[in-house]
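Colleague:
Numbering (the working numbering), first residue to last: 889 to 1022.
1) Report the residue from 978, 968, 953 whose alpha carbon sits nearest the alpha carbon of residue 936.
2) What do you reckon, are the CB atoms on residue 1001 and residue 960 nearer than 8 Å?
3) Suppose the cutoff is 7 Å on Cβ atoms and the five residues either side in sequence are ignored; what does the same chain contact list for residue 911 look like?
4) Going by C-alpha to C-alpha distance, which of 932, 957, 950 sits closest to residue 980?
5) What is the C-beta distance between residue 964 and residue 983, in whole angstroms, given that I count them as a contact (C-beta under 8 Å)?
6) Hey, would you say residue 985 sits closer than 8 Å to residue 944, going by beta carbons?
Dropping the structure here:
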């Protein structure tokens, strides 16, 4: 997989997430749906439509954004000494890529690559970290 070298760009801002009567977020991402509305209230999300092969972040990068797929799939890959890529994990609509940055791990160990194109909500790490405390 090859990235076009550019960083993902937001095509619209989403401030807060609407909740249905059960209190679950209607974002399309199960992790966001499981968080209390109060934890999401101060966060701003950008909606991204990412193509296959887009690199969200590289191994060793300072994680700037947390990616919440609403459809599609992000592969977490590591490189061997021979330069081969091994898939170490996958993130779909049940989770997030880069969420470890909100928990103190600021640098990425794996590379995050869009495997199946789709829509993703993302939030800057610093906002998510602040929002996750309250």
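All C-beta atoms, glycine included, are put in the ideal place defined by N, C-alpha and C.
Note that the coordinates shown come from a computational prediction; the quantities given were computed from them, not determined experimentally.
Modeller: The short version:
1) Looking at 978, 968, 953, the one whose alpha-carbon comes closest to that of residue 936 is 953.
2) Cβ atoms of residue 1001 and residue 960: not closer than 8 Å.
3) Annotation note: pLDDT 32 at residue 911 (below 50); position unreliable, no value reported.
4) For the residues 932, 957, 950, the minimum Cα distance to residue 980 belongs to 957.
5) Their Cβ separation, rounded to whole angstroms, is 10 Å, which puts residue 964 and residue 983 out of contact at 8 Å.
6) Less than 8 Å separates the beta-carbon of residue 985 from that of residue 944.
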